[in-house]
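**Q** Residue numbers (the working numbering), protein chains in the order written: chain L, 11 to 241; chain W, 2 to 556.
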Amino acid sequence: MAEQKPPESAEAEKGDSHLSTLVALLIAIVSVSGAVVTWRASVSADGAGDADVAGIRATINLTEANTLATVNGYSDYASFLDYYKYRETGTLLEDEISGLTEDADEAEIAAMGKELADNHDLTTAASSAFPNEYLNRDGTYAIARETGEYVANAARERDTNPQPNFDEADALRAHTDQLLVTLSVLVVALVFYTLIEATDSKRLKYLLLVMGTGIFLAGLVGAFLVESGSI
Amino acid sequence: MSDELFKKVLAILIALVTVIATGIAFLQSDAGNRDDRAGRDATRLAIELVSRRVNGETRVNFDYDEAYQKYVEMGTLALAAENRGDSAGSARYELLQESFLKLSPIMQPPYFDIETGEMDYNRYVADVYLTDVIRMNEQYTAAAAVKDAWDTKANTYIVHLTILAVALFLLGLSATIEVNRPRIIFTVVGLAMAAFATVWAISTYAQPVFDLRQQPEAIEAFVNGSLLIEDEQPEAAVEAFNTAITTVPDYAAAYVARSTAYTNMGSYEAAITDVQQARGLGTESANIVGEQAWLEYLAGRFDDSIATGRAALEQFPDTADLWIQLDIALALLAKGDIEAAQAEYQQSMTVAIQAVTDARSRNEAISPELWLSLTGASDDLVDLSLIAQSDEGVPPLETLQDPEGIVEAAPQLIDDLRNLAVSLEFYGRPPDEPITAEIETLEFGEPLYDEDENVTGHEVSDEFEYGVTEMDALFNFSGMQDGQDILVKVYINGAEDASWRKLLTWELGAEGSAIIPLAIAYSDTFVIQPNYYFVELYIDGQVAAEGGFTVLEPE
Chain L
11 MAEQKPPESA EAEKGDSHLS TLVALLIAIV SVSGAVVTWR ASVSADGAGD
61 ADVAGIRATI NLTEANTLAT VNGYSDYASF LDYYKYRETG TLLEDEISGL
111 TEDADEAEIA AMGKELADNH DLTTAASSAF PNEYLNRDGT YAIARETGEY
161 VANAARERDT NPQPNFDEAD ALRAHTDQLL VTLSVLVVAL VFYTLIEATD
211 SKRLKYLLLV MGTGIFLAGL VGAFLVESGS I
Chain W
2 MSDELFKKVL AILIALVTVI ATGIAFLQSD AGNRDDRAGR DATRLAIELV
52 SRRVNGETRV NFDYDEAYQK YVEMGTLALA AENRGDSAGS ARYELLQESF
102 LKLSPIMQPP YFDIETGEMD YNRYVADVYL TDVIRMNEQY TAAAAVKDAW
152 DTKANTYIVH LTILAVALFL LGLSATIEVN RPRIIFTVVG LAMAAFATVW
202 AISTYAQPVF DLRQQPEAIE AFVNGSLLIE DEQPEAAVEA FNTAITTVPD
252 YAAAYVARST AYTNMGSYEA AITDVQQARG LGTESANIVG EQAWLEYLAG
302 RFDDSIATGR AALEQFPDTA DLWIQLDIAL ALLAKGDIEA AQAEYQQSMT
352 VAIQAVTDAR SRNEAISPEL WLSLTGASDD LVDLSLIAQS DEGVPPLETL
402 QDPEGIVEAA PQLIDDLRNL AVSLEFYGRP PDEPITAEIE TLEFGEPLYD
452 EDENVTGHEV SDEFEYGVTE MDALFNFSGM QDGQDILVKV YINGAEDASW
502 RKLLTWELGA EGSAIIPLAI AYSDTFVIQP NYYFVELYID GQVAAEGGFT
552 VLEPE
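1) Can you have a look at Trp324(W) and say buried or exposed, based on whether 16 or more other CB atoms are within 10 angstroms of its CB?
2) State the Cα-Cα distance for the pair Phe176(L) and Val224(W), rounded to the nearest angstrom.
3) Which residues does DSSP list as the beta-bridge partners of Lys490(W)?
4) So is Lys212(L) in contact with chain W if we call contact Cβ pairs under 8 Å?
5) Going by DSSP, what residue range makes up the alpha helix (DSSP H) through Lys336(W)?
6) Run down chain W in chain order and give the residues with a C-beta less than 9 Å from the C-beta of Gly65(L).
7) In chain order, what residues of the same chain have a beta carbon less than 6 Å from the beta carbon of Ser260(W), not counting five sequence neighbours either side?
8) Who pairs with Met120(W) in a beta bridge, going by DSSP?
9) Which residues in chain W sit within 9 Å of Lys95(L), going by Cβ to Cβ distance?
10) Taking CB distances under 8 Å as the criterion, tell me whether Asn76(L) reaches chain W.
11) Is the Cβ of Ala79(W) closer than 8 Å to any Cβ of chain L?
12) At the level of alpha carbons, what is the spacing between Leu192(W) and Ala168(W)?
13) In terms of residue numbering, what span does the alpha helix (DSSP H) encompassing Gln390(W) cover?
14) Residues of chain L with CB closer than 9 Å to the CB of Leu104(W), please, in chain order.
15) Using only alpha-carbon positions, find the residue among Asn156(W), Leu28(W), Ile407(W), Ser286(W) that is nearest to Glu340(W).
16) Out of Ile225(L), Leu214(L), Gly224(L), Leu230(L), state which residue places its alpha-carbon closest to the alpha-carbon of Leu29(L).
17) Is Val55(W) close to chain A, meaning its C-beta is less than 8 Å from at least one C-beta of that chain?
18) Report the CB separation of Met595(W) from Tyr141(W) in whole angstroms; it is logged as a contact under 8 Å.
19) Per the contact definition of three or more C-beta pairs closer than 8 Å, is the region 47–62 of chain W in contact with the region 147–161 of chain W?
20) Glu441(W) bridges to which residues according to DSSP?
21) Go ahead and label Ser479(W) buried or exposed: buried means 16 or more other beta carbons lie within 10 angstroms of its beta carbon, across all protein chains shown.
22) Can the beta-carbon of Leu7(L) be found less than 8 Å from the beta-carbon of Glu67(W)?
23) Checking 8 Å against the spacing of the C-beta atoms, do Glu207(L) and Ala12(W) come in under that value?
24) Against Leu205(L), what residues of chain W qualify as contacts under a CB-to-CB distance less than 7 Å, listed in chain order?
25) Who does Leu505(W) pair with in a DSSP beta bridge?
26) Quick test of your reading: Leu182(L) and Ser27(L), contact by CB under 8 Å. State the CB separation rounded to the nearest angstrom.
27) Give the straight-line distance between the Cα atoms of Met350(W) and Lys95(L), rounded to the nearest whole angstrom.
28) Alpha carbon to alpha carbon, how far is Leu421(W) from Ala89(W)? Give it in angstroms, no decimals.
29) Go ahead and pull the three-state DSSP assignment for Val198(L).
30) Going along the chain, which residues of its own chain have a beta-carbon closer than 6 Å to the beta-carbon of Asp403(W), five neighbours each way excluded?
31) Within the continuous beta strand (DSSP E) that includes Phe550(W), where are the two ends?
32) Are the region 297–313 of chain W and the region 392–402 of chain W touching, with three or more C-beta to C-beta distances below 8 Å?
33) Does the beta carbon of Val210(W) sit closer than 8 Å to a beta carbon anywhere in chain L?
34) Assuming the contact rule is C-beta atoms closer than 8 Å, Pro431(W) and Ser424(W) should be a hit. Round their C-beta distance to whole Å, please.
35) So, under 8 Å CB-CB, Ile48(W) and Thr150(L) are touching, yes? Tell me the CB distance rounded to an integer number of Å.
36) If we cut at 8 Å on Cβ distances, does Asn34(W) have a partner in chain L?
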């Protein structure tokens with residue numbers, strides 16, 4: 011025959027059972043919340059990695075554009091130097107010929123004329139070896155403009171600015187760290203809920219329940235604020 | 002302790018270990034993030050560093066090899082025209098030369114003095130790219146070290162977490178079993194593991210990660226010192242590196258760089274100390290150990306040099322650097338162990354030949370490192386032989402154990418090394434059987450001309466007055482075959498000047514006399530510069546004759 015429990019003891023046992031059920035429910039909710047926070051932290055960390063890759067790709071694009079601009083630009087500039095040499099030589103020869111007196115040696119005049127004609131031919135040939143649009147009005151070559159335009163054109167076609175990507179990666183890493191801090195807070199709440207089961211004092215149980223729930227809510231709000239970008 | 006109480010205590014312990022594990026997981030994540038960030042910075046710096054160097058080199062090469070050379074060319078043409086009596090042409094070229102000055106910053110102040118024609122090339126290189134490149138290289142090295150440190154931390158935290166997971170398992174297991182002794186054992190072991198992991202994690206966390214980038218003054222001092230080495234101011238460079246080392250006592254790269262400055266000053270013992278210091282700080286590679294062996298050789302510490310060289314080969318058995326073994330052979334020779342040196346040289350050449358055979362079997366190109374090392378070794382042998390004869394250079398004569406032995410053994414070793422180097426460079430294989438052709442009476446002479454510019458003979462000598470513009474090599478030959486390759490190499494003060502090289506195909510029959518022009522009168526301004534010129538004549542990759550002449554300083 012089963013022993014009859016006193017009514018107040020049955021009442022207390024019923025209360026304990028309700029508390030245990032509530033704690034179990036809260037532990038489950040905190041665990042699920044922790045899993046969600048962990049998932050968001052993982053997504054954020056993954057995004058940071060992607061942003062870093064994009065930044066490195068932009069760095070490669072920029073350095074490739076700079077290198078090609080320099081190599082091509084200075085190759086053109088070298089061709090320009092040949093052109094410049096022939097052109098200036100021609101100009102000086104013209105000045106010399108025009109300065110000759112009437113009694114100048116015919117053979118010398120003919121030789122200079124031939125040299126001038128050769129120079130004109132060489133100037134014309136050399137002028138096709140570099141882009142003429144970068145010639146300055148004073149006859150020099152705008153190498154900085156040529157390389158600058160090359161890089162600018164490359165920037166229109168591809169991302170050549172790595173810094174925003176790296177800034178985004180750093181921000182996402184900070185975001186991940188903040189989410190992990192809130193996860194730690196949630197775990198502390200779990201500890202409080204676990205301690206409820208380890209104590210017999212009813213007052214202490216409720217105190218732990220309140221403290222655990224407070225910490226849980228703080229962690230939850232913190233996670234929400236981090237995720238919403240408020241922190 | 003009652004079962005109920007035991008389980009309550011256990012629950013509290015499990016909760017505490019879980020909190021600790023969560024904290025370590027956070028630290029692991031943070032370390033991983035810092036690892037990723039430093040790795041990204043290192044990658045970015047590496048890419049930008051290469052680009053900066055390529056761009057800078059391209060620009061400087063253009064400025065010097067194109068723009069400045071055009072300027073020089075115009076000056077040479079002006080001088081040549083003047084020498085021809087064409088004053089109008091000379092004036093034209095001078096005007097043209099002047100107009101070139103505006104085409105490159107290398108020909109403008111502060112890099113170029115128009116009055117004296119002096120150029121501060123090193124300063125220009127430093128300003129265009131070298132300063133940035135050295136700085137970026139240090140930042141890259143620093144970022145890579147930071148990445149390595151945080152990577153180690155992150156991985157160590159994973160070990161801690163794994164230990165804590167096992168500890169939690171043991172604590173959980175002890176909560177499920179009823180038998181008293183095993184559950185106490187599980188609990189004690191679990192708690193011990195948790196305590197161990199926690200203490201280890203705290204220790205890991207407490208270890209600081211040094212980031213050289215946070216010491217910009219040390220990096221700037223290093224950059225300054227490196228530029229001063231380039232500018233051939235080793236004393237000032239040492240001062241700069243001292244500043245870097247005072248700021249960061251464990252700055253390994255600064256010790257390596259300071260050793261270079263000390264080497265340039267001839268302070269070999271100080272250089273050795275610095276290399277050893279850098280090695281102690283973790284800078285350990287075949288190059289750095291080989292460098293120490295070379296410094297010990299220069300300091301006359303031949304036993305130490307041999308031991309260090311052997312240690313380098315033992316420590317880095319896969320190194321492709323033949324020069325370390327060749328340096329051991331040189332140290333053996335300097336030590337007076339002639340037979341051992343000859344054996345070491347022979348073994349080095351066998352290694353080179355084997356490397357060629359391996360490369361050919363894989364259908365790969367032969368590494369130029371092979372013939373460069375062999376040529377370098379032959380040059381070092383020439384230097385050592387000269388020291389043994391004239392007491393000029395390092396290691397000092399008094400440290401050489403058997404100078405006569407060195408002088409006696411050196412010529413054959415030099416020939417063997419150069420034969421192999423030339424065969425590898427030009428034919429991609431070791432030398433064939435010894436050649437049968439003979440070259441006799443290799444002499445040098447300045448061609449003499451009659452009024453119609455026909456060569457009438459040579460003024461043969463081994464010394465020529467300053468102003469000589471042409472030089473021919475004259476010799477008698479026998480046993481030659483048409484179609485054989487003739488290579489002429491000219492060494493100026495011990496180092497080959499490749500602009501004098503001649504590669505010819507023999508067409509003069511089996512025997513007779515031959516004249517090979519070494520230097521022709523290139524222009525109205527060219528003269529052969531005062532120096533000692535050592536000439537080697539190779540037939541099918543093997544030395545057949547050698548000799549030399551001197552052009553005297555102007556009076």
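Backbone N, C-alpha and C fix where the C-beta goes; we use that ideal spot for every residue, glycine too.
**A** In short, the structure shows the following:
1) buried
2) 27 Å
3) Its beta-bridge partners are Glu537(W).
4) no
5) 323–336
6) Arg41, Arg45
7) Ala272, Asp275, Val276
8) Met120(W) is bridged by DSSP to Phe113(W).
9) Near Lys95(L) (Cβ distances below 9 Å), the residues of chain W are Lys71, Glu74, Met75, Leu97, Phe101.
10) yes
11) no
12) 7 Å
13) 369–391
14) Result: Tyr87, Phe90, Leu91, Tyr94, Thr150, Tyr151.
15) Ile407(W)
16) When the alpha-carbon of Leu29(L) is set against those of Ile225(L), Leu214(L), Gly224(L), Leu230(L), the nearest one is in Leu214(L).
17) Included in the structure are the protein chains L and W, with no chain A among them.
18) Chain W is shown only over 2 to 556; residue 595(W) falls outside these bounds and no answer can be derived.
19) no
20) Asn477(W), per the DSSP bridge assignment.
21) exposed
22) Because chain L here runs from 11 to 241, residue 7(L) falls outside it and cannot be looked at.
23) yes
24) Neighbours of Leu205(L) on chain W, chain order: Ile13, Ala16.
25) Ile487(W)
26) Actually they are not in contact, since the Cβ atoms of Leu182(L) and Ser27(L) sit about 46 Å apart, beyond 8 Å.
27) 51 Å
28) Between the alpha carbons of Ala89(W) and Leu421(W) lies a distance of about 54 Å.
29) helix
30) Gly337
31) Annotation for Phe550(W): the continuous beta strand (DSSP E) segment containing it runs 543–552.
32) yes
33) Cβ-Cβ to chain L under 8 Å: no for Val210(W).
34) 6 Å
35) So it is not a contact: roughly 33 Å between Cβ atoms.
36) Judged by the 8 Å Cβ criterion, Asn34(W) is in contact with chain L.
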